[in-house]
Amino acid sequence: MKSSLELRFLADENIPYTVVSKLRKLGYDIISVLNYRPGMTDEEAIELAIKEKRIIITSQNGELGFGRTNNPSNIRYFGQ
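Going by our numbering, the sequence shown opens with residue 3, and the numbers climb by one from there.
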């Protein structure tokens, strides 16, 4: 049985697929924008993450489209 606290991830297209693959091999539930739909907008990635209850992993500096859309209360940006 899966734990209700299991973390699920969405890797933005700037995350190398080798990282995604390694995380999968370690047992993490992760999908990549590169496989799901390359070129999706930040807003679409946010919508997908909310719909599938995933944490977005990105190396993008900035606010991941939050300047152009409402910042959902369950999403946080942690910059470098």
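From the three backbone atoms N, C-alpha and C, an ideal C-beta is built for every residue, glycine too.
Going by beta carbons, residue 10 and residue 56 fall inside the 7 angstroms limit. Residue pairing of residue 31 in beta bridges, as defined by DSSP: 10. Rounded to whole angstroms, the gap between the alpha carbons of residue 60 and residue 47 is 11 angstroms.
For the pair residue 32 and residue 25, the CB atoms are nearer than the 7 angstroms cut-off. Of 49, 50, 52, 12, the smallest CA-CA separation from residue 30 is found for 12.
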